[in-house]
Amino acid sequence: MKYINFKNLLLFLSLSVVLTACVKEDDLIQIDPNNDAVDSFWKTDVDALEGVNAAYGSLLTDGTYMRSTPLLLDLKGDDCKSNSPWGAMYVVGKFNSNVTDAAIYGWAYETYYQGVYRANQVLTNVPDIDFEDSALKSRILGQAYFLRGLFLFHAVNMFKNVPIPTELAAIYPQKTEAEGWAQVIEDFQSAADLLPVSYTNVSGLDAGQKGRATKGAALAYLGKSYLFTKDFPNARDTFKKVIDLGVYSLVSNYRDNFTDVNENNSESVFEVQFSRDAGGVDLGWGGAPASGWGKTSARAITYGPRAFGWTDVQPTRALFNEFQQELTISGEVDPRLDATMFYNKPGGMMLYGQDFATFYGGNAQDLNDLFCRKYQNSDGAYPNEYDWRSGINERLLRYADVLLMYAECLNETNDTPGAYTYIKPVRDRVGLPNLSVVKPNMTKEQMREQIGHERYLEFALEGHRFDDIRRWGWLQDQTKLTWLKSRDPEFDTYSPGREFFPIPQLEMDNNPGTVQNSGY
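Read in order, the letters of the sequence shown correspond to residues -23 to -1, 1 to 497 in mature numbering (1 follows the signal peptide of the UniProt record, and there is no 0).
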């Protein structure tokens, strides 16, 4: 892969890139370490920290979590759909991304490798810097390994056979999917070996800073990488290490995971830090960062309910119906339904200070439609999302996910009874009955199906569903594929190979010998 566009990228953001603390505008203007004329960079511990902050900065722009990556992760699942007027977005869930139009998926691809490049700068240059605090040096290197692993995780997971850069060079050859996963696993293991459990009890430039990668985050992504490669014993043992750290627990209010209230909470294993109060007011669309850039997300307006946002993404009726399948122990509908979507709820539902039934009452289609609620600033503080400036942190990995992935590993390694134990707290939080009472003695196959149901409801609209569908092999199982088509007509246009996105044409042009993914 050629990095022809990255030579002029500025070192983006000060320490507050990953924090919610206030930022001075001068802090956003940094020396460009990629400029050969700048001899003063990569000399001090401050340079090293600013270097790793630049890699975090690649999580904040349009190609990643400002907008594009959530769309790419969500839209192929049976939990959501798109009727966007923008063709590049509309076709994602229909498995029909255009090789000649790399909008959205191509932006993501480019930004992942921007992040890899920035992480590689740290891993190349920081070992030669003399630190008074060797522990700080280890933490910085650990974060660089984590971030490189995370960007490569996305690249391999979405694009399959991709370059795997581990050093600074001009061209990188395309690697196999297996080689990609091997490097992702190696990076997360290296990160886990170097990172602290938290930054609360460390000293140095990063002391007390929330939002930085931790040992738990590295282990959780390591376990997830093993799980995605069907190495269930290693995944099981790694998730157990996360649990045994004893620092994570589920928050009592499920909705706290999707608003700007109670961010970086006990359930958060890793989240991308957005803020309305840091930086400027311009959106970070991509390219060389500028001092006017803010650190806000466009997810809310993209997924927003009609008349409050663009409504480019909506929940499916299948998701709504599945929430009705099992009542709580008090005889109510699963409360995650109301946290996940807006709908014409009997008894009323409020959004942006408006009553749903009253606001949409003049339009029968809207009145009976479903709209996304997760990650919306809809609790009354804002009239709508049209300022494009959501400050809600993106929760990439929650402890609930660790528990359910661990339960899955237990089941796949023939400890189905043990799986019940780790599903229980996820169900307990929302008042669902004890699974060991209502569905005792399930077989391995039955538990596998149950975990599919549990994950569907717990992580709807969080970018996990299609990853689950693909790794479980449902697209190759005709019975399952037919079932998916009955729930979400977008699956009617699926064809083999289209579970991955195409390699962008620019990459094909710049890197001779690159082979396009099958199906395109």
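Just so you know, even glycine gets a beta-carbon here, dropped at the ideal spot from N, CA and C.
Applying the 10 Å Cβ sphere with the 16-neighbour rule, what's the burial state of residue i?
| i | result |
| --- | --- |
| His430 | exposed |
| Asn340 | exposed |
| Gln453 | exposed |
| Gly324 | exposed |
| Asp22 | buried |
| Thr46 | buried |
| Trp84 | buried |
| Gln302 | exposed |
| Asp486 | exposed |
| Val492 | exposed |
| Gln186 | buried |
| Pro282 | buried |
| Leu113 | buried |
| Lys421 | exposed |
| Ala79 | buried |
| Asp170 | exposed |
| Gly357 | exposed |
| Ser252 | buried |
| Gly70 | buried |
| Asn178 | exposed |
| Lys137 | buried |
| residue 498 | Residue 498 is absent from the structure shown; the chain starts at -23 and stops at 497. |
| Glu244 | buried |
| Asn97 | buried |
Suppose you measure from the CA of residue i to the CA of residue j; what does that come to, to the nearest Å?
| i | j | result |
| --- | --- | --- |
| Ile117 | Lys192 | 12 Å |
| Asp254 | Ala437 | 29 Å |
| Leu328 | Leu347 | 13 Å |
| Asn361 | Asn418 | 48 Å |
| Leu296 | Cys386 | 25 Å |
| Phe478 | Asn73 | 9 Å |
| Ala384 | Asn391 | 11 Å |
| Pro466 | Trp449 | 20 Å |
| Asn494 | Ile480 | 7 Å |
| Asp221 | Pro292 | 35 Å |
| Gln423 | Glu389 | 12 Å |
| Gly157 | Asp289 | 32 Å |
| Val414 | Ala121 | 46 Å |
| residue 529 | Gly474 | Since the first and last residues shown for the chain are -23 and 497, residue 529 lies out of range. |
| Ile400 | Leu227 | 12 Å |
| Arg294 | Ser307 | 24 Å |
| Tyr42 | Trp460 | 31 Å |
| Ala184 | Lys207 | 37 Å |
| Val403 | Phe443 | 20 Å |
| Leu(-11) | Glu27 | Residue confidence is low: Leu(-11) scores 34 on pLDDT, short of 50, so the model does not pin down where it sits. Its coordinate-derived value is still stated next. Distance between the alpha carbons of Leu(-11) and Glu27: 7 Å. |
| Cys(-2) | Ala197 | At Cys(-2), the pLDDT of 33 sits below 50, so the modelled position is not reliable; the number obtained from the coordinates is stated separately. Each residue's alpha carbon lies about 30 Å from the other. |
| Gln166 | Leu172 | 10 Å |
| Gly181 | Asp110 | 7 Å |
| Gln455 | Gly271 | 46 Å |
| Gln7 | Ser17 | At Gln7, the pLDDT of 44 sits below 50, so the modelled position is not reliable; the number obtained from the coordinates is stated separately. Taking the straight line joining both Cα atoms gives about 12 Å. |
| Ile106 | Arg189 | 21 Å |
| Gln331 | Val139 | 47 Å |
| Tyr320 | Cys349 | 9 Å |
| Gly490 | Asn411 | 55 Å |
| Pro142 | Leu127 | 13 Å |
| Thr215 | Gln342 | 47 Å |
| Val68 | Asn75 | 8 Å |
| Pro266 | Ile428 | 42 Å |
| Gln250 | Val29 | 15 Å |
Assuming contact is defined by CB atoms lying nearer than 8 Å, are residue i and residue j in contact in what I supplied?
| i | j | result |
| --- | --- | --- |
| Leu129 | Val99 | no |
| Ala316 | Lys351 | yes |
| Gln482 | Thr88 | no |
| Ala32 | Leu145 | no |
| Asp311 | Leu434 | yes |
| Phe333 | Arg313 | no |
| Leu381 | Thr305 | no |
| Ala212 | Tyr225 | no |
| Gly257 | Ser274 | no |
| Gly119 | Ala168 | yes |
| Ile278 | Asn488 | no |
| Arg44 | Arg276 | yes |
| Met135 | Leu52 | no |
| Asp233 | Asn241 | no |
Q. Just checking, does the stretch 438 to 445 make contact with the stretch 50 to 60 on the three C-beta pairs under 8 Å criterion?
A. yes
Q | Cβ pair count under 8 Å reaching 3, the stretch 254 to 273 against the stretch 24 to 43 | A | yes
(Q) Does the stretch 192 to 209 come into contact with the stretch 366 to 380, if we say contact requires no fewer than three beta-carbon pairs (one atom in each stretch) closer than 8 Å? (A) yes
(Q) Suppose only complete runs of 3+ residues qualify. What are the beta strand (DSSP E) ranges in the stretch 17 to 96, listed by chain order? (A) none
Q | Entirely enclosed beta strand (DSSP E) segments - the stretch 345 to 431, minimum 3 residues | A | 371 to 375
Q: Could you name each continuous alpha helix (DSSP H) segment of 4 residues or more that falls completely within the stretch 185 to 271, going from the start of the chain to the end?
A: 192 to 205, 209 to 221
Q: Mind listing, in chain order, the continuous alpha helix (DSSP H) runs of no fewer than 4 residues lying wholly within the stretch 89 to 176?
A: 111 to 136, 154 to 171
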